[in-house]
Amino acid sequence: MPIDEIIGEIVGAVVEGAVEVVGTGVSEVVAAVFDGGGGEKKPDTGEGLIVVGGSYAGAQIAASAREAGYTGRIRLVSAEAHTPYHRPPLSKAYLLGKAERESLPIRGAAFYDEEKVELLLSTPIVGADRANRTLTTAGGDTLKWDRLALATGARARTLADMPDKVLVLRDLADADRLRALAADARRVVVIGGGYIGLEAAASLSQLGKRVTVIEMQDRLLARAATPALANFVADAHRARGVELLFGARDVGFEHYHGVLSGVRASDSTGRAHTLPADLAVVGIGVHPNTELAAMLGLAVDDGIRVDEFARCIDAASGAPVPEIVAAGDCTRHPSRWNPAQGRGLRLESVQNATDQSKIAGATVAGAAAAKPYDAVPWFWSDQYDLKLQMVGLSGVPDTTVTRGNMASNRFSLFHFRAGVLVGVDSVNKPADHMLARRLLASRVPVTPEQAADANFDLRSTLPS
Amino acid sequence: MPTINYVLKDGTRRAIDVPNGTSIMLGAINNNLRGIDAECGGCCSCATCHVYIEESDMARLKPADSVEKELLEGVAAERRPTSRLSCQIDVTAALDGITVHMPDRQS
Ligand SMILES: Cc1cc2nc3c(=O)[nH]c(=O)nc-3n(C[C@H](O)[C@H](O)[C@H](O)COP(=O)(O)OP(=O)(O)OC[C@H]3O[C@@H](n4cnc5c(N)ncnc54)[C@H](O)[C@@H]3O)c2cc1C
Ligand code: FES
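Residue numbers (the numbering used here), protein chains in the order written: chain A, 609 to 1072; chain B, 8 to 114.
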């Protein structure tokens, strides 16, 4: 895999490609809403809404459609055997054995009963047809829909020739395998210094494993955090005995009868290393699941393209398709938070999956109810005793000031571009994080001097 | 199993048996009680599981830790002295019969 494909992780604010894709500009979208979006609406046949994907986005679309008054049939179809569950603990409390399966549901069984959301689990969808409004399951069944929601999320990227005891971490099945293998493992190599890799490294190191993280870039969290935060995180890992290897090339695996024995990589000077390992975790980013969208003739650009109302876009005409929405990790949406203002934003976070799905659900129930998606992006990561909380998309800030004391592990970094606050990274400062969400959402002017002055009450800048 | 009394936004009371070792948040989620979003699933990161504890029951709870207290500063609804994050309240026999109230909003 080329190095430039081995990207960082969650909050994959993909900001390259400064080309404005025709049809996703705000004005086009607004115009399209008022002229009906260009696509003609077919009459409902009673088949109702099918949501493909049973995770944050899928569950939230179903819930929000009902909340916005949708009374049609709703089916939630998922490839997984489980009802929607929280993924973030899988690399944190669940891996540490501090959370169990029973503590993970996003919604309880009563939700699906009471809201009349039919669950079709262990049902991968392998085919989709827009003209006939059908889906095909892996078992060969045909499902008909009047409205469709794509909440297919993303899948973990893998490396070539992964022997036994090399895993990715995306779902509960992965986490169960990892937990079982970790019990007997002593030396673990984590490939990829993004959030998931680092959380796995932190948890496995807390479980007493010897952990090395190998990263292809010259720093951690290259795609998803500012260098200042990344350096702090790197120091935190080293201080707790985790080894970090940067600029890794040519990553490969040594095995004995198909079972991992070591991980090969050369460093930035070209020197080859072999790290003995009895377990390896590959955390090199994700691929959005866009295959069904492509089959449906919808626009796909490293993510299913949607407008501010979570409506998919017709690949040929560029017009929104009123009967098909998409939300969550699988989408790319127009966003004023995008530092590059380029081809729209693809986020990988619970916040995005939840907030975008609220809009998608309202759109399903009748577009008039839907407000354009404009929520402030935020994200968290727990590593050791560090609670990292990020808000906004800082991109490459030109000014960063620290509020609080880095040495005490309790501080926030306020990032500015051209004098405007664009993002805040907090470490063990949840109050700063919660406040920063409000500062960014209300777009009040805050100066670097005010942010750096711990005695200045930032709340005073907010409209009362 | 301890019984937790949830008072919904519209004033409805629901007495729910919530298993020991789970949380007040999970009791609401598992029973589809509206009013608790719990977006982070109990990671103490989102503040969308805010509840008000009945004043007379406050003393029966372990006090909030510093992370929870800070996060409470960011709840969407009014913050009161009885505000807690329901994911941080472990259900034990000692909590049998307590009453919690849903705030008017979580986001
Ligand atoms: C280990 C881990 C830790 C994380 N930690 C954090 C964190 O701390 N904070 C944070 O904000 N985010 C975190 N994330 C990211 C967060 O979990 C995702 O952003 C979120 O799950 C996205 O939700 P989604 O519903 O869009 O997609 P997904 O969660 O990817 O779900 C998609 C679902 O669709 C199903 N599906 C896909 N294709 C089909 C098909 N053709 N037919 C049927 N079903 C299909 C999949 O099986 C899956 O169940 C973490 C992720 C992982 C894996
Ligand atoms: S569920 Fe997120 S803070 Fe309680």
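Yeah, the Cβ is synthetic: ideal placement off N, Cα and C, and Gly gets one too.
Taking 7 Å as the line, does the beta carbon of residue i fall inside it for any heavy atom of ligand 2?
i: Ala687 of chain A; result: no
i: Thr123 of chain B; result: The first residue shown for chain B is 8 and the last is 114, placing residue 123 of chain B beyond what the model contains.
i: Cys938 of chain A; result: no
i: Glu46 of chain B; result: yes
i: Leu698 of chain A; result: no
i: Met32 of chain B; result: yes
i: Leu92 of chain B; result: yes
i: Leu78 of chain B; result: yes
Residues of chain B with a CB under 7 Å from the CB of residue i: which are they?
i: His694 of chain A; result: Gly48
i: Asp990 of chain A; result: Cys50
i: Phe719 of chain A; result: Asn39
i: Val725 of chain A; result: Chain B residues near Val725 of chain A: none, gap ~11 Å exceeds 7 Å.
i: Glu722 of chain A; result: Asn39
Starting from residue i, find everything on chain B with Cβ-Cβ shorter than 8 Å and list it in chain order.
i: Lys995 of chain A; result: Cys51, Ser52 and Val74
i: Thr766 of chain A; result: None at all; the shortest Cβ gap to chain B is about 26 Å.
Which residues in the same chain as residue i place their Cβ atom closer than 6 Å to its Cβ, once the five residues preceding and following it in sequence are excluded?
i: Pro26 of chain B; result: Met8
i: Leu756 of chain A; result: Ile658 and Ile932
i: Gly81 of chain B; result: Ala54
i: Gly677 of chain A; result: Ala973
i: Gly34 of chain B; result: Ile11, Ile23 and Val25
i: Ala670 of chain A; result: Val659, Ile682, Leu684 and Val725
i: Ala1044 of chain A; result: Val999 and Val1032
i: Ala983 of chain A; result: Asp963
What residues are listed by DSSP as bridge partners for residue i?
i: Ser1034 of chain A; result: A:Gln997 and A:Ser1020
i: Pro896 of chain A; result: A:Ala762
i: Phe987 of chain A; result: A:Met998
i: Lys752 of chain A; result: A:Thr742
i: His865 of chain A; result: Looking at the DSSP assignment, His865 of chain A forms no beta bridge with any residue, so it has no partner.
i: Gly48 of chain B; result: BP columns for Gly48 of chain B are empty, so no partner.
i: Leu852 of chain A; result: A:Val821
i: Ala757 of chain A; result: A:Val659 and A:Val933
Would you mind telling me which residues of chain A sit closer than 9 Å to residue i, beta carbon to beta carbon, in chain order?
i: Leu78 of chain B; result: Pro1038, Ala1039, His1041 and Met1042
i: Thr29 of chain B; result: Glu710 and Ser711
i: Leu33 of chain B; result: Glu710, Ser711, Pro713 and Gly716
Excluding the 5 residues flanking residue i on each side, which residues of the same chain have their C-beta closer than 7 Å to its C-beta?
i: Ile96 of chain B; result: Ser30, Ile31 and Leu68
i: Thr766 of chain A; result: Val776 and Val890
i: Ile714 of chain A; result: Tyr664, Ala667, Pro692, Tyr693 and His694
i: Ser699 of chain A; result: Leu777, Ile804, Glu807, Ala808 and Ser811
i: Asp103 of chain B; result: Pro9 and Thr10
i: Asn740 of chain A; result: none
i: Val867 of chain A; result: Pro771, Asp772 and Lys773
Do residue i and ligand 1 come close, with the Cβ less than 7 Å from some heavy atom?
i: Asp769 of chain A; result: no
i: Thr731 of chain A; result: yes
i: Asn897 of chain A; result: yes
i: Ala956 of chain A; result: Position check: residue 956 of chain A holds Glu in this sequence, whereas Ala was assumed. At least one heavy atom of ligand 1 is nearer than 7 Å to the Cβ of Glu956 of chain A, so yes.
i: Thr760 of chain A; result: yes
i: Asp661 of chain A; result: Looking at the sequence itself, residue 661 of chain A is Gly, so the reference to Asp does not match. Checking every heavy atom of ligand 1 against the Cβ of Gly661 of chain A, one is found closer than 7 Å.
i: Tyr720 of chain A; result: no
Given that residue i touches chain A, what residues does it touch there, using C-beta distances under 8 Å?
i: Gly81 of chain B; result: Pro1038, Ala1039, His1041, Met1042, Leu1043, Arg1045 and Arg1046
Could you pull out every residue in the same chain whose Cβ sits closer than 8 Å to the Cβ of residue i, ignoring the five residues on either side in sequence?
i: Thr750 of chain A; result: Thr742, Leu743 and Thr744
i: Leu996 of chain A; result: Leu837, Val841, Trp988, Ser989, Asp990, Asp1033, Ser1034 and Val1035
i: Cys51 of chain B; result: Val74, Glu75, Leu78, Leu92, Cys94 and Gln95
Since residue i meets chain A, which of its residues come closer than 7 Å, beta carbon to beta carbon?
i: Ile36 of chain B; result: Pro713, Arg715 and Gly716
Note down the Cα distance separating residue i from residue j, rounded to an integer number of angstroms.
i: Glu726 of chain A; j: Ala970 of chain A; result: 19 Å
i: Met1021 of chain A; j: Ala902 of chain A; result: At residue 1021 of chain A the sequence reads Leu, which differs from the Met that was named. The alpha-carbon atoms of Leu1021 of chain A and Ala902 of chain A are separated by roughly 40 Å.
i: Ala973 of chain A; j: Ser1068 of chain A; result: 39 Å
i: Leu1066 of chain A; j: Ser957 of chain A; result: 27 Å
i: Lys966 of chain A; j: Leu906 of chain A; result: 21 Å
i: Pro1053 of chain A; j: Val1028 of chain A; result: 7 Å
i: Cys920 of chain A; j: Ala781 of chain A; result: 30 Å
i: Glu851 of chain A; j: Asn37 of chain B; result: 41 Å
i: Ala83 of chain B; j: Val58 of chain B; result: 11 Å
i: Gly680 of chain A; j: Gly761 of chain A; result: 24 Å
i: Val929 of chain A; j: Gly48 of chain B; result: 33 Å
i: Ala66 of chain B; j: Asp922 of chain A; result: 58 Å
i: Ala978 of chain A; j: Ala961 of chain A; result: 16 Å
i: Ser1050 of chain A; j: Thr731 of chain A; result: 43 Å
i: Val734 of chain A; j: Leu900 of chain A; result: 7 Å
i: Arg86 of chain B; j: Glu61 of chain B; result: 14 Å
i: Asp44 of chain B; j: Asp963 of chain A; result: 12 Å
Just by C-beta distance, which residues in the region 938 to 964 of chain A are closer than 9 Å to chain E? Any reference to chain E falls outside this structure, whose protein chains are A and B.
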